[in-house]
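Undergrad: Under this note's numbering, the letters of the sequence shown match residues 6 to 243, in that order.
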Amino acid sequence: MTLTVDNVVCGYDRAPILHGVSLHVEPGELVAVVGSNGAGKSTLVKTICGLVGVRGGDLTDDGQSFAKVSPAKRAKAGIVVVPEGRRLFPQLTVGENIQLGRHAAGKRATGDDPVKDLLDAFPIISERWNQQANLLSGGEQQMVALTRAVAARPRYLLLDEPSLGLSPLKTLDVFRLVELVRERTGAGILLVEQMADQALKAADRAYVLEHGQIAMEGPAADVRASPEVRRAYLGVAS
Ligand SMILES: Nc1ncnc2c1ncn2[C@@H]1O[C@H](COP(=O)(O)OP(=O)(O)OP(=O)(O)O)[C@@H](O)[C@H]1O
């Protein structure tokens, strides 16, 4: 039961953006992909969820290729994305947005409801239940987007820059929620982030993406301790 990106080449029009990227995510694992602006992080997420086509290499789920499967079918199979910018339905309430996630779960909605655990741990979501989504703060919107994704019962959860536009304090809240999601859903989580320090603190394993290629990979603590990462992504001078 592994999600694998195997030597993937892809892009938008002419030149490829990802040049042979390989990585994998196991169930229950939190895997960070860090890299600077334009490294190809969002392109990676879009490729796994099917919005960008694969030109070379393969994508597999439990050994089965899904590189040619439609985005809708990937979502139905439990590959769930929280895109950059959250994309809540702005006119719907928090509760209605989360309910849409439940619809997407279909037959995977068995056993205990992980949404309940999230609501217990972060009461702010319940407090805002009947509010229109576009009236929430950025941090609250991110929490709702994560809760909606969890309601869809992900097997794999792709998070594209959940910290975008949030203060360091709000980012910490969101990362606490991500860790709870991992714990309660058992989903494999791929966390794509520019906030390298916090992502690497939260993750089990990590990849550094530079110019569309994997420049480094390993246990997140090792990646975080490496001099190159400290210099390039953590703002440490030596
Ligand atoms: N729809 C698109 N059409 C053409 N080129 C694109 C498109 N989206 C992104 N690109 C290009 O692909 C490259 C990688 O962009 P991508 O958004 O994947 O990077 P990123 O690492 O997520 O950066 P950021 O953190 O700034 O979002 C960039 O050069 C970008 O200009």
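All residues carry an ideal CB built from backbone N, CA and C; glycine is no exception.
For His-24, which of helix, strand or coil comes out of DSSP?
TA: Of the three classes helix, strand and coil, the one that applies to His-24 here is strand, per DSSP.
Undergrad: Can you grab the Cα-Cα spacing for the pair Val-59 / Ala-72, in whole Å?
TA: Cα-Cα distance, rounded: 7 Å.
Undergrad: At a cut-off of 8 Å, is Gly-90 close to ligand 1 when judged by its beta-carbon and the heavy atoms of the ligand?
TA: Checking the Cβ of Gly-90 against ligand 1 gives no.
Undergrad: Report whether the distance from the Cβ of Val-10 to the nearest heavy atom of ligand 1 is below 8 Å.
TA: No, Cβ of Val-10 sits at least 8 Å from all heavy atoms of ligand 1.
Undergrad: DSSP puts Ser-70 in a beta bridge; with which residues?
TA: Thr-65.
Undergrad: Who does Gly-16 pair with in a DSSP beta bridge?
TA: Answer is Pro-21.
Undergrad: Which word fits Gly-83, buried or exposed, when buried means at least 16 other C-beta atoms lie within 10 angstroms of its C-beta?
TA: So Gly-83 counts as buried.
Undergrad: Of all the options Val-74, Glu-188, Val-179, Ala-220, which has the alpha carbon lying nearest to the alpha carbon of Gln-203?
TA: Among Val-74, Glu-188, Val-179, Ala-220, the Cα nearest to that of Gln-203 belongs to Val-179.
Undergrad: Note the first and the last residue of the continuous beta strand (DSSP E) segment covering Glu-222.
TA: 218-224 is the extent of the beta strand (DSSP E) around Glu-222.
Undergrad: In or out: Leu-174 buried (at least 16 other Cβ within 10 Å) or exposed?
TA: The residue is exposed, with fewer than 16 neighbouring Cβ atoms inside 10 Å.
Undergrad: By the three-class DSSP mapping on this structure, what secondary structure does Arg-235 have?
TA: Arg-235 falls in the helix class under three-state DSSP.
Undergrad: Assuming Leu-35 contacts Arg-187 (C-beta within less than 8 Å), just tell me the rounded distance between them.
TA: At roughly 5 Å, the Cβ-Cβ gap stays under 8 Å, so Leu-35 and Arg-187 are in contact.
Undergrad: Cβ-heavy atom distance between Asn-135 and ligand 1 below 8 Å?
TA: Flag unset: Cβ of Asn-135 not near ligand 1.
Undergrad: Could you check where the alpha helix (DSSP H) with Glu-198 kicks off and where it finishes?
TA: No alpha helix (DSSP H) contains Glu-198, which is instead part of the beta strand (DSSP E) from 193-198.
Undergrad: With distances taken Cα to Cα, identify the nearest neighbour of Val-10 among Tyr-212, Gly-240, Ser-231.
TA: Of the listed residues, the one whose Cα sits closest to Val-10 is Tyr-212.
Undergrad: Under 9 Å between the Cβ atoms of Gly-106 and Thr-152?
TA: Yes, they are a contact pair.
Undergrad: With burial defined as no fewer than 16 other Cβ atoms inside 10 Å of the residue's Cβ, what is the status of Gly-43: buried or exposed?
TA: When all chains shown are included, Gly-43 counts as exposed.
Undergrad: Per the contact definition of three or more C-beta pairs closer than 8 Å, is the region 104-118 in contact with the region 136-143?
TA: The answer is no - the region 104-118 does not touch the region 136-143, with fewer than three Cβ pairs under 8 Å.
Undergrad: What does the Cβ neighbour count give for Tyr-238, buried or exposed, with the cut at 16 atoms within 10 Å?
TA: With 16 or more other Cβ atoms within 10 Å, it is buried.
Undergrad: Quick one: what's Ala-211 bridged to in DSSP?
TA: Per DSSP, Ala-37, Gly-223.
Undergrad: If we ignore side chains and look at the alpha-carbon of each, how far apart do Arg-158 and Ala-220 end up?
TA: Approximately 32 Å, taken between the alpha carbons.
Undergrad: Have a look at the DSSP bridge pairing and note the partners of Gln-137.
TA: DSSP, once it has assigned bridges, lists Thr-98 as partnering Gln-137.
Undergrad: Given that a residue counts as buried once 16 or more other Cβ atoms are within 10 Å of its Cβ, and exposed if not, what is Asp-165?
TA: When all chains shown are included, Asp-165 counts as buried.
Undergrad: Taking the beta carbon of Tyr-17 as the centre, do at least 16 other beta carbons fall within 10 Å, making it buried, or is it exposed?
TA: Classification of Tyr-17: exposed, given that the 10 Å Cβ count is below 16.
Undergrad: Let me know the secondary structure DSSP gives Asp-122 once reduced to three states.
TA: Helix at Asp-122.
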